[in-house]
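In case it helps, this note's numbering puts the sequence shown at residues 91 to 323. Have a look at the structure below before the remarks.
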Amino acid sequence: MANILLTGASRGIGAAALHALTAAGHHVIGQSTAGGDGLIAADFAQPHAADALWAAARDRAGGRIDVLVNNAGVFEGADLADAAAFDTAWTRSLAINLQSAADLCRHAVLHFQATGPGRIINIASRAGHRGDSPAHWHYAAAKGGMLALTKTIARGYARDGILAFAITPGFTMTGMAEDYLASRGGDKLLADIPLGKVADPEEVAEAIRWLASEAPASLTGATLDINGASYVR
Ligand SMILES: NC(=O)c1ccc[n+]([C@@H]2O[C@H](COP(=O)([O-])OP(=O)(O)OC[C@H]3O[C@@H](n4cnc5c(N)ncnc54)[C@H](OP(=O)(O)O)[C@@H]3O)[C@@H](O)[C@H]2O)c1
91 MANILLTGAS
101 RGIGAAALHA
111 LTAAGHHVIG
121 QSTAGGDGLI
131 AADFAQPHAA
141 DALWAAARDR
151 AGGRIDVLVN
161 NAGVFEGADL
171 ADAAAFDTAW
181 TRSLAINLQS
191 AADLCRHAVL
201 HFQATGPGRI
211 INIASRAGHR
221 GDSPAHWHYA
231 AAKGGMLALT
241 KTIARGYARD
251 GILAFAITPG
261 FTMTGMAEDY
271 LASRGGDKLL
281 ADIPLGKVAD
291 PEEVAEAIRW
301 LASEAPASLT
311 GATLDINGAS
321 YVR
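In structure tokens form, the structure reads like this:
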């Protein structure tokens with residue numbers, strides 16, 4: 091059984107991961123923006139929120155965290171023609187999608203170096219490889235940054251027993267189907283997916299569960315694509 095800090099545990103992929111990891115016998119310390127339902131509150135748009143989360147999670151875990159899963163994220167569009175909105179979107183996206191994950195990785199690496207081996211799983215996106223829509227430059231850039239961050243940690247700390255993995259989901263049905271499809275371009279998106287369906291959160295959760303405990307150490311530095319072959323590298 092591992093003590094696992096999982097961000098973005100309230101809904102979508104995070105809620106599915108919370109369920110899968112708990113069912114596998116792990117002790118999951120979850121986070122959401124507002125907290126509640128046993129989750130720790132942390133708004134990653136606020137400076138140092140990740141630092142406070144790490145401290146609270148470590149206490150709740152009895153002093154030892156074994157696995158960090160950076161899953162929380164936002165996908166908010168920005169109008170190129172609106173300079174203020176563009177600026178705000180970049181600031182929010184980088185703070186929530188990248189900086190908070192980096193801050194938690196920093197704590198995790200120092201913690202694992204002091205207390206023993208550990209694993210980091212960063213939920214990036216297909217967008218980090220392929221880019222995203224014209225309204226989401228910031229999102230693709232943040233997710234690409236997350237991939238580079240993961241590889242850097244894997245290469246830098248493998249000798250300390252610290253393993254780092256990334257997952258790059260494509261479209262994953264995390265809301266009501268109609269709302270979700272509408273927010274991602276409607277039915278046309280299915281034509282771009284050879285499997286003919288968007289991923290289920292449970293499929294991504296299963297990859298998180300496997301990476302958290304069973305994946306062999308030599309896999310460190312790898313990125314798992316979960317996108318129905320819509321982007322094959
Ligand atoms: N769904 C997809 O199609 C897709 C595709 C590729 C990658 N991903 C990535 O997969 C991860 C999970 O996505 P999802 O679709 O499951 O997301 P989701 O259903 O929108 O849930 C997002 C999670 O992040 C938390 N969160 C949002 N804003 C936050 C903030 N300011 N501070 C702290 N936590 C915050 C939310 O907490 P609250 O409930 O409290 O707001 C929630 O738990 C994200 O990193 C996303 O970029 C998703």
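For every residue, glycine included, the Cβ atom is placed at its ideal position computed from N, Cα and C.
Determine which residues share a DSSP beta bridge with Phe-255 and list them. Position 165 of the sequence shown holds residue 255. Beta-bridge pairing by DSSP links Phe-255 to Ile-211.
Using a threshold of 7 Å, is the CB atom of Ala-99 nearer than that to any non-hydrogen atom of ligand 1? On the sequence shown, position 9 is the one that residue 99 refers to. Remark: the shortest separation between the CB of Ala-99 and any heavy atom of ligand 1 falls under 7 Å.
Terminal residues of the beta strand (DSSP E) in which Val-118 lies: Start at 1 with the first residue of the sequence shown, and residue 118 comes out as number 28. Counting along the chain, the beta strand (DSSP E) containing Val-118 begins and ends at 117-122.
Would you decide whether Ser-320 is buried or exposed? Buried here means 16 or more other CB atoms lie within 10 Å of its CB. Taking the first residue of the sequence shown as position 1, residue 320 is located at position 230. The residue in question, Ser-320, is buried, as its Cβ has 16 or more Cβ neighbours within 10 Å.
What residue from Thr-258, Gly-260, Met-263, Thr-240 has the CA that sits closest to Ile-252's CA? Working through the sequence shown from its first residue, we reach residue 252 at position 162. The shortest C-alpha separation from Ile-252 is found at Thr-240.
Who pairs with Asp-315 in a beta bridge, going by DSSP? Counting from 1 along the sequence shown, the entry for residue 315 is found at position 225. Bridge partners of Asp-315: Thr-258.
Here's a check: name, in chain order, each residue in its chain whose Cβ is nearer than 6 Å to the Cβ of Ala-244, leaving out the five neighbours to either side. In the sequence shown, counting from the first residue as 1, residue 244 sits at position 154. The beta carbon of Ala-244 is closer than 6 Å to those of Ala-254, Thr-310, Gly-311 in its chain, skipping five residues each way along the sequence.
Taking Cβ to Cβ, would you say Gly-265 is nearer than 8 Å to Ala-289? Looking up residue 265 in the sequence shown gives position 175. Looking up residue 289 in the sequence shown gives position 199. For Gly-265 and Ala-289, no; Cβs fall outside 8 Å.
Spatial distance of Gly-153 from Tyr-247 (CA atoms): Along the sequence shown, read from residue 1 onward, the residue named residue 153 stands at position 63. Along the sequence shown, read from residue 1 onward, the residue named residue 247 stands at position 157. Taking the straight line from one Cα to the other gives about 21 Å.
Beta strand (DSSP E) containing Val-322: first to last residue? Here residue 322 refers to the residue found at position 232 when the sequence shown is read from its first residue. Per DSSP, Val-322 belongs to no beta strand (DSSP E) and is neither H nor E.
What are the start and end residues of the alpha helix (DSSP H) that includes Leu-301? If you number the sequence shown from 1, residue 301 lands on position 211. Here the alpha helix (DSSP H) through Leu-301 covers 291-303.
Burial state of Ala-113 (16 or more Cβ within 10 Å): Walking along the sequence shown from the start, residue 113 turns up at place 23. The residue in question, Ala-113, is exposed, as its Cβ has fewer than 16 Cβ neighbours within 10 Å.
Shortest alpha-carbon distance to Cys-195 belongs to which of Ile-210, Arg-182, Ser-183? The residue you call residue 195 lines up with position 105 of the sequence shown. With distances taken between Cα atoms, Cys-195 lies closest to Ile-210.
Any idea what DSSP makes of Val-199, helix, strand or coil? Locating residue 199 in the sequence shown gives position 109, where the first residue counts as 1. When DSSP states are grouped into helix, strand and coil, Val-199 belongs to the helix group.
Would the segment 212-219 count as touching the segment 266-286 if we require 3 or more Cβ pairs under 8 Å? In short, these stretches do not touch, since the Cβ pair count stays below three.
Quick one: is Met-236 buried, meaning 16 or more other Cβ sit within 10 Å of its Cβ, or exposed? Translated into positions along the sequence shown, residue 236 becomes position 146. Answer is buried; the Cβ neighbour count reaches 16.
Are the CB atoms of Ile-94 and Val-159 within a distance shorter than 8 Å? One-based indexing of the sequence shown puts residue 159 at position 69. One-based indexing of the sequence shown puts residue 94 at position 4. For Val-159 and Ile-94, yes; Cβs fall inside 8 Å.
Here's the rule: buried if 16 or more other CB atoms are within 10 angstroms of the residue's CB, otherwise exposed. What is Arg-299? Sequence index remark: in the sequence shown, residue 299 carries index 209 (1-based). Buried is the call here.
Cβ separation of Ala-92 and Val-294, assumed to be a contact under 8 Å, to the nearest whole Å: Start at 1 with the first residue of the sequence shown, and residue 92 comes out as number 2. Start at 1 with the first residue of the sequence shown, and residue 294 comes out as number 204. Contact between Ala-92 and Val-294 does not hold, since their C-beta atoms are separated by about 18 Å, which reaches or exceeds 8 Å.
Three-state secondary structure (DSSP) of Asn-160: As a position in the sequence shown, residue 160 is number 70, starting the count at 1. Note: Asn-160 maps to strand in three-state DSSP.
Touch test, the segment 171-179 against the segment 135-142, Cβ-Cβ under 8 Å, three pairs minimum: These segments do not touch.
Cα separation between Gly-120 and Leu-285? One-based indexing of the sequence shown puts residue 120 at position 30. One-based indexing of the sequence shown puts residue 285 at position 195. The C-alpha of Leu-285 is placed about 32 Å away from the C-alpha of Gly-120.
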